[in-house]
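Accompanying notes for the structure given below.
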Amino acid sequence: DQQVKQNSPSLSVQEGRISILNCDYTNSMFDYFLWYKKYPAEGPTFLISISSIKDKNEDGRFTVFLNKSAKHLSLHIVPSQPGDSAVYFCAASAGGSARQLTFGSGTQLTVLP
Amino acid sequence: DAGVIQSPRHEVTEMGQEVTLRCKPISGHDYLFWYRQTMMRGLELLIYFNNNVPIDDSGMPEDRFSAKMPNASFSTLKIQPSEPRDSAVYFCASTQGHYGYTFGSGTRLTVV
Chain A
2 DQQVKQNSPS LSVQEGRISI LNCDYTNSMF DYFLWYKKYP AEGPTFLISI SSIKDKNEDG
62 RFTVFLNKSA KHLSLHIVPS QPGDSAVYFC AASAGGSARQ LTFGSGTQLT VLP
Chain B
4 DAGVIQSPRH EVTEMGQEVT LRCKPISGHD YLFWYRQTMM RGLELLIYFN NNVPIDDSGM
64 PEDRFSAKMP NASFSTLKIQ PSEPRDSAVY FCASTQGHYG YTFGSGTRLT VV
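So the protein sequences, as listed, match chains A and B.
Offset between the first sequence (1-based) and the numbering used here: plus 1.
Offset between the second sequence (1-based) and the numbering used here: plus 3.
What follows is the structure in C-alpha cells.
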C-alpha cells in the first residue's frame, strides 16, 4: 500500500510557464513534507519542505502548497527553466522529523525550450 | 565536505553471486538510510541506522539482504545470493537534523 502517491509519472511544460507537480498521501500521521529533485546518475537532492502547521512555503521560483483536508500537496515552479528537467520525488514523515521518509514514485518533469 | 560517498558506482554480477555495496556518510550525521530505486516502486526504504544501530529493517525484502554499520563512518549492504530482480539503483543517505537527507550518487546494480 503506497502511502505517498505521485499519480503522474511524467509532465512536459514549455519554458517560462508554470509547472505543477502533485502528490497525495494517505497516512494522517504525516506532518512534514519534502520535495526532492533528481538528475540522471545523481542522488536526489533536497528542494523544499513544508510543515503541517503551514499551508504554503516559498523559496524563489519554488512554492509548495499543502491541503491537509484533502491530503494533497503540490509543487509549483514559476517560471520553469530547462534546467528544472529532472525527476521530482514527494516525501513525507510522521512525528515532526525528517528522519524517516516515505517517498512517492516520482514525476519526470521535462521543460521544453 | 565530500558528501555521502557510495561505491561502486556500477556493479554487474552474475545471478547467485554475493554483492556488497558500500557507503560513507557525512561526518557527524547520526542517521544512515539505505534506499532502493526501481521504476515500479520508486524509492523504497530498506533499512536505517541511528548511531550505528539498526532501527528499522522492515523494508529489507528477504533474508538474502543484510546491512551493517560497524562504525559511524561506514556501512555495507550485502545481497547473497543475488538475483536478477535485485537489479536497481541503491542509494545511501545520511542526516542529522530536520532538513532532509543527503543522498549519495547511488550504485547501479545489474544482476544477469
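Beta carbons: idealized from backbone N, C-alpha and C, even for Gly.
Can you list the residues of chain A that Gly109 of chain B reaches, using a CB-CB cut of under 7 angstroms? Those are Gly44, listed as they occur along chain A.
Can you name, in chain order, every residue of its own chain whose Cβ lies under 8 angstroms from the Cβ of Glu14 of chain B, other than the five neighbours on each side? Take Glu14 of chain B, set aside five residues on each side of it, and the residues of its chain with a beta-carbon closer than 8 angstroms to its own are Val22, Leu24, Thr110, Arg111, Leu112, Thr113, in chain order.
What does the alpha-carbon distance come out to for the pair Lys39 of chain A and Gln20 of chain B? Each residue's alpha carbon lies about 30 angstroms from the other.
Helix, strand or coil, according to DSSP, for Pro57 of chain B in the structure here? Look at Pro57 of chain B here: in three-state DSSP terms it is strand.
With Asp85 of chain A as the anchor, note down where its beta strand (DSSP E) starts and where it stops. Element bounds for Asp85 of chain A: n/a, residue is neither H nor E.
Going along the chain, which residues of the stretch 26-51 of chain A sit with their C-beta nearer than 9 angstroms to a C-beta in chain B? Against chain B - using a Cβ distance shorter than 9 angstroms - the residues of the stretch 26-51 of chain A are Tyr33, Leu35, Tyr37, Lys39, Ala42, Glu43, Gly44, Pro45, Thr46, Phe47, Leu48, Ser50.
Straight-line Cα distance separating Gly44 of chain A from Gln83 of chain B: Those two C-alpha atoms are separated by around 25 angstroms.
Report yes if the C-beta distance between Trp37 of chain B and Leu49 of chain B is below 8 angstroms; otherwise report no. Yes; because the gap between Cβ atoms is below 8 angstroms, this pair is in contact.
Is the Cβ-Cβ distance between Thr103 of chain A and Gln4 of chain A less than 8 angstroms? A contact, by the Cβ cut-off of 8 angstroms.
Apart from the five residues on each side of it in sequence, which residues of its chain come closer than 6 angstroms, Cβ to Cβ, to Ser52 of chain A? Once the five neighbours on either side are set aside, the close Cβ partners of Ser52 of chain A are Tyr33.
CA-CA distance, Thr16 of chain B and Leu80 of chain B? Each residue's Cα considered, the two are about 15 angstroms apart.
Would you say Gln4 of chain A lies against chain B (beta-carbon separation less than 8 angstroms)? No, no contact with chain B.
Less than 8 angstroms between the CB atoms is what I'm expecting for Asn108 of chain B and Arg39 of chain B, so what's the real figure, rounded? It should be pointed out that residue 108 of chain B corresponds to Ser in this sequence rather than to Asn. Going by Cβ atoms, the distance from Ser108 of chain B to Arg39 of chain B rounds to 15 angstroms, so no, they are not a contact pair.
Mapping DSSP to helix, strand and coil, what is Arg39 of chain B? In this structure, Arg39 of chain B counts as strand in the three-state DSSP scheme.
Using a Cβ-Cβ cut-off of less than 9 angstroms, give me the residues of the stretch 46-67 of chain B that come near chain A, in sequence order. From the stretch 46-67 of chain B, only Leu46, Glu47, Leu48, Tyr51, Asn53, Ile58, Asp59 have a Cβ closer than 9 angstroms to chain A.
In the stretch 9-54 of chain A, which residue ranges form an unbroken alpha helix (DSSP H) of at least 4 residues, counting only runs that do not cross its ends? Entirely contained in the stretch 9-54 of chain A, not one alpha helix (DSSP H) run reaches 4 residues.
Work out the CA separation of Leu113 of chain A and Asn54 of chain B for me, nearest whole Å. When rounded, the distance between both Cα atoms is 45 angstroms.
What would DSSP say about Arg12 of chain B, mapped onto helix, strand or coil? DSSP places Arg12 of chain B in coil when its eight states are reduced to three.
Using 8 angstroms as the threshold, is the C-beta distance between Ser94 of chain A and Phe31 of chain A below it? Their beta carbons are under 8 angstroms apart, which means Ser94 of chain A touches Phe31 of chain A by this criterion.
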